[in-house]
Each structure stands twice: as structure tokens, then as C-alpha cells.
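Right, one structure below, let's go through it.
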Amino acid sequence: MLHIKDREIVIPGQLMGDNIRHDINCFHEKDKVYSSVHGMVRVEDNYVKIIPSTGWYMPKEGDLIIGVITEVLTGWWAVDIRVPNICSLRGEEMTRDPLNVDLSQYFNVGDVISAKILEVDEVNACHLTRPWKLEGGITVNVNPKRVPRVVGKKRSMLNIIKEKTGSKIIVGQNGWIWVKEGKTELAIRTIRKIEKEAQTHGLTDRITEMLEREVGK
Amino acid sequence: MEKPDMELIKDGKRLDGRRPDELREIKIEVGVLKRATGSAYVEWGKNKVLAAVYGPRELHPKFLRNPTKAVLRCIYNLAPFSVEDRKRPGPDRRSVEISKVSAEALSSVVMLERYPNAGIDVYIEILQADAGTRCVGLTAASVALADAGIPMKDIVAACAAGKISGEIVLDLMKEEDNYGESDLPIAVMSRKKDVVLLQMDGKLTREEFKKAYELAVNGATQVYEIQKAALLKSVNDVKIEG
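First to last, the protein sequences are chains A and B.
Numbering of the first sequence is given in numbering that gives the first Met the number 0, commencing with residue 0 and proceeding in unit increments.
Numbering of the second sequence is given in numbering that gives the first Met the number 0, commencing with residue 0 and proceeding in unit increments.
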């Protein structure tokens, strides 16, 4: 039995239903299911999930992220990807002999890279793979839980922004978005607007309208 | 110590015109600090409190790290200008104690096992104090934690009850706290009414304690409704531009 409606906003500890299935943002005590975060509920038959309104990024295998090199060490790099734990990039990703080569010729401290998360262990420390250096451009910081809204269903929102502003955009699941070329200022303003209005209805239409108006000026 | 006599209850009304079981006016704002992960500002009568949550983030010093769960640290700080006589800045015996009990109260609701090796920092800044600041601080901190998107089993709501002029009343203000007989701050998990903080100043008989306890839990329930309304408002009231 459900105690909430679809698209309702819930707060931590709110009762959502009895004998229903739920996602990681909820928890159950015996038959009762409660929410554990602040966000919007989506109901599908006997299954409830919560789309959190804010939150920290937790690393997940296979995610594309944007990181900053914080340290060049013997055989590996330490990368900041906005998680509370250590994140490493192995030297083997770039060279066959990482111990005898100066790794800073590939990536140096402060370089922005995009990479995929290869592995996350039980204490959330992670390893990266397939690094790609992002030269120039601007990195924008958005709330990681609002990234899906920036990308949109089947990348619809992102394609609209790319098309209208002519920018190159790489969206990291950790909430860092890299923007280069084209109308950078407009692209960033749009991303900020999406982040702010993430939990409103009909956002894609409003963004399309706004971009058309701004580009037409 | 002999306390000066003061008439705290006149014709069933308190100094500020409240009934014995009435709370002061509470106003909660969510997400006031841009750089914090989550934040809240609470005005509770003349109390003004700002709470901010940072993290989960890398925990330093390293030896405090726990590979099975996160560590929640809390710092309660009374601003030098928050009280009538200037308070010497920095931690003292009282604020260290309140920091400790607040951190323990919040640790019991936050799902710390989700963030191994990490640290969550909660800062409670008292900008203006008018009795019952630990309750206000906890109320603000739990709203800030919810705003930070940190998973919690429940929201902590706190409220105090006390005894003034021989009568049990809810939510003491400064004069009542100073000249009253007893003060009993309580923080509860709002859903199950589990107590996460309970302290007492002064003396109460067994019956008085029971009455004060029930009054304070009722007060906390009212506080919870205000917290809930503030959190829902923060999402529903997004201004749509253009």
C-alpha cells in the first residue's frame, strides 16, 4: 500500500508505503518503507524510487567523470573527482614503463582530464581508466544529483545546448562539466538555469525557447 | 545561590504573553549558504542560528578515519556578540560539551555506514542567543543535513521544557531560564519519538519530569512540522525565469 503520490516531495524519515519495493534512497523497517533523502518520489506499480534534490557524488563503475590531477606519484597519478576517498589513475594507461618515465609529461598537477571509473572498492576508493586530457575550456561545477537533468532523456537536453551554442561540452557524472568554444557564456548560463530549476516540469521546452531567443538576438 | 525573585507568570500568561504550552515563533530558511553542501538558518524567538554541513569529505587527521562508517563531527560555536556581555571567542567547556552531545544526537540518525572513511562536518553558529540554543542548533543542523542530501533515518527535532514559578512550561526564554527553577532540553527522532538528547538543569520531581518530558516531546513534534514545511518549501518555491 502506498502512502504517497507520484511526484510528491518527501523528506528523510517519511513513511512511503507498506510491502513495496524500493531503491537505495529508501530503507525499510519490517514491512514499512521510509525515505532516507530529501527529493521527489516516482512510483511505478509496486516500486518506489526517489530522485534526490541534492547530494554528494558516490563513485559508480562505468561512470564518465571529469577530474583534476592533484599529484604525480611513482607509477600513478592521484586524481580529484569530488569523492571523499582516494582516486587513482595508473601509469600503465599512458606508457608501458611507468616507473622509469617522467609521468608529468602526460598529465601534470592541475590538468583536467575526463576518464571512466574502472573499479570501486568497498571503501569507495576508485581506479580510473581511459583518460583524456581536456585542454583549455572552462569547468563548471553543478550539483551531482542534478546532472541527469542537464543531460536529459536520451541526451536530449545536452544536444539542444550543444546545437544552439556550438560549444563542446563534456558532462562528468560527478557534477563537473567542461565547456569549450562557441557561446561558452550562454552555455554556462543555461547549465546554471537547468541546475536551479531541475525539479520543475517542462524544463526542456523552456530551455529550447530561451536558447532560441538568446541566439536570435 | 539565592536567585532574585521575579514574577514569571501573570494571570496564566508568561512574560512575553505566551501560554504555558506555547512555542516561540519559529522561522526556518533552507540552503542559505552557497558554498556549503547543505545549510539552514533558524530564527526561534530571539535566537538566531546558522547551521552548515560540509561533506562527506576526506577526513583529517587520518587516524580518526573509520573504514566501516563515516565520522560525524559537530562544532557548536557561540559568536562573541551573541550574548549580552561579550563572550570570549573560541571553544570553552560549555561549547565543547554541546558539540559532543549534538554530534552524538545527529550520528544516531545519519546513515554513516554509506560513507566509509569519510567525514561529515556540521557547524552550528549561534549568532544571537536567547536560551535553548542547543535545541535550536540541533533543529537547524538536522535541516541542513537533509538539505545536504545525506541519507538519514529520520529528522531530529528538539525542544525544551522547564519549571518556572512552580509551573511546568514549554520552551523557556532567557528570563525564564535565568530566574526559573529547571530546564529540560530534549531532542527526539520525530517518527518514533526515540530520545537522542536529554539534559537537565535544576531539579524536578518524578511527576514534574514526566509532565515536562511529554510537553517537550509535543513541542518537538510541532518543531518537526515547521522543519518539514521549510524543506518542502525549498523545493517547491523555485522561481521559474523567462
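Note that the Cβ used here is the ideal one computed from N, Cα and C, for glycine as well.
Taking only beta-carbon positions, decide if Asp120 (chain B) is within less than 8 Å of chain A.
The residue labelled residue 120 (chain B) in the question sits at position 121 within the second sequence. Judged by the 8 Å Cβ criterion, Asp120 (chain B) is not in contact with chain A.
| message | Under DSSP, the beta strand (DSSP E) around Ser87 (chain A) begins and ends at which residues? | response | On the first sequence, position 88 is the one that residue 87 (chain A) refers to. Unbroken beta strand (DSSP E) run through Ser87 (chain A): 86-89.
Ile19 (chain A) to Tyr46 (chain A) span [Cα, whole Å] = Position 20 of the first sequence, counting from 1, holds the residue named residue 19 (chain A). Position 47 of the first sequence, counting from 1, holds the residue named residue 46 (chain A). Answer to the nearest angstrom: the Cα atoms are 6 Å apart.
Note to self: Can you list, in chain order, the residues of its chain with a C-beta nearer than 7 Å to that of Arg85 (chain B)? Leave out the 5 residues immediately preceding and following it.
What the structure shows: Within the second sequence, numbered from 1, the residue matching residue 85 (chain B) stands at position 86. Result list for Arg85 (chain B): Pro79, in chain order.
Worksheet item: Counting contacts by CB-CB distance shorter than 8 Å, is Met0 (chain B) in contact with chain A?
Response: For the purposes of this step, residue 0 (chain B) is taken as the residue at position 1 of the second sequence. Its pLDDT being 46, under 50, Met0 (chain B) is placed unreliably by the model, and the measurement read from it follows with that caveat. No, because no Cβ of chain A sits closer than 8 Å to the Cβ of Met0 (chain B).
With a threshold of 8 Å between beta-carbons, can Phe26 (chain A) be considered close to chain B, or not? On the first sequence, position 27 is the one that residue 26 (chain A) refers to. It does; some Cβ of chain B falls within 8 Å.
- Query: For Ile10 (chain A), which residues of its own chain have a beta-carbon under 6 Å away from its beta-carbon, when the five flanking residues on both sides are left out?
  - Reply: Here residue 10 (chain A) refers to the residue found at position 11 when the first sequence is read from its first residue. Closer than 6 Å at Cβ, skipping near neighbours: His37.
Checklist entry - Grouping DSSP H, G and I as helix and E and B as strand, with all else coil, what is Ile50 (chain A)? => result In the first sequence, residue 50 (chain A) corresponds to position 51, counting from 1. In the structure shown, Ile50 (chain A) sits in a strand (DSSP, three-state: E or B).
Own chain residues within Cβ distance below 6 Å of Val119 (chain A), not counting five before or after: In the first sequence, the residue the question calls residue 119 (chain A) occupies position 120. Excluding positions up to five away in sequence, the list reads Pro58, Glu60, Cys125.
> Using the beta-carbon count (16 or more within 10 Å), is Gln172 (chain A) buried or exposed?
Replying inline: Taking the first residue of the first sequence as position 1, residue 172 (chain A) is located at position 173. So Gln172 (chain A) ends up on the buried side.
Subject >> C-alpha gap between Ile137 (chain A) and Leu63 (chain A), whole angstroms >> reply: Locating residue 137 (chain A) in the first sequence gives position 138, where the first residue counts as 1. Locating residue 63 (chain A) in the first sequence gives position 64, where the first residue counts as 1. Approximately 17 Å between the Cα atoms of the pair.
Leu111 (chain B), DSSP secondary structure in three states: Within the second sequence, residue 111 (chain B) is the residue found at index 112, counting from 1. Reduced to three states, the DSSP call for Leu111 (chain B) is helix.
**Item:** Chain-ordered neighbours of Val237 (chain B) on chain A, where CB pairs are closer than 9 Å
**Value:** If you number the second sequence from 1, residue 237 (chain B) lands on position 238. Simply Lys195, Glu196, Ala197, Gln198, Thr199.
The alpha helix (DSSP H) that contains Lys105 (chain B), what's its start and end? Along the second sequence, one-based indexing puts residue 105 (chain B) at 106. Note that residue 105 (chain B) is Leu in the sequence shown, not Lys. It spans 92-106 - the alpha helix (DSSP H) in which Leu105 (chain B) sits, taken as one unbroken run.
* Return the first residue and the last residue of the alpha helix (DSSP H) that Asn177 (chain B) is part of. => Against the second sequence, residue 177 (chain B) aligns to sequence position 178. Unbroken alpha helix (DSSP H) run through Asn177 (chain B): 173-178.
- First and last residue of the beta strand (DSSP E) that includes Thr138 (chain A)? For this step, residue 138 (chain A) is matched to residue 139 along the first sequence. Segment 137-140, the beta strand (DSSP E) holding Thr138 (chain A).
Interface flag, Glu57 (chain B) vs chain A, CB-CB below 8 Å:
As a working note, residue 57 (chain B) is residue 58 in the second sequence. Yes, contact with chain A.
Exercise for the section: Within its chain, find whatever has a CB closer than 6 Å to the CB of Thr94 (chain A); leave out the 5 residues flanking it on each side and keep chain order. Expected result: For the purposes of this step, residue 94 (chain A) is identified with residue 95 of the first sequence, where counting begins at 1. Contacts found: Val100.
Taking the C-alpha atoms as reference points, what is the distance between Met0 (chain B) and Val52 (chain B)? Mapped onto the second sequence, residue 0 (chain B) falls at position 1. Mapped onto the second sequence, residue 52 (chain B) falls at position 53. Caution is warranted here: a pLDDT of 46 is assigned to Met0 (chain B), below 50, making its placement in the model unreliable, and the coordinate value is therefore given only provisionally. Near 40 Å, if we compare the C-alpha coordinates of Val52 (chain B) and Met0 (chain B).
### Query
What is the C-beta distance between Arg72 (chain B) and Gly118 (chain B), in whole angstroms, given that I count them as a contact (C-beta under 8 Å)?
Taking the second sequence and counting its residues from 1, one reaches residue 72 (chain B) at position 73. Taking the second sequence and counting its residues from 1, one reaches residue 118 (chain B) at position 119. Confirmed, Cβ separation roughly 6 Å.
Given that a residue counts as buried once 16 or more other Cβ atoms are within 10 Å of its Cβ, and exposed if not, what is Met5 (chain B)?
Position 6 of the second sequence holds residue 5 (chain B). Label assigned to Met5 (chain B): exposed.
Lys144 (chain A) versus chain B: which residues are under 9 Å apart at the beta carbon?
One-based indexing of the first sequence puts residue 144 (chain A) at position 145. The answer, in chain order, is Gly148.
Item checked: Host alpha helix (DSSP H) of Pro147 (chain A) (start-end) -> Numbered from its first residue, the first sequence carries residue 147 (chain A) at position 148. Element bounds for Pro147 (chain A): 146-150.
* Buried or exposed (CB count within 10 angstroms, at least 16 for buried), Asn24 (chain A) -> Along the first sequence, read from residue 1 onward, the residue named residue 24 (chain A) stands at position 25. By the 10 Å Cβ count, Asn24 (chain A) comes out buried.
Discussion item. Within 10 Å of its beta-carbon, does Gly174 (chain A) have 16 or more other beta-carbons around it, so buried, or fewer, so exposed?
Written reply: Counting from one through the first sequence, the residue named residue 174 (chain A) turns up at place 175. Its Cβ being crowded by 16 or more others within 10 Å, Gly174 (chain A) is buried.
| query | Which one of A:Glu70, A:Arg41, A:Pro130 has the shortest CA to CA distance from Gln198 (chain A)? | reply | Your numbering for residue 198 (chain A) matches position 199 in the first sequence. Considering only alpha carbons, the answer is A:Arg41.
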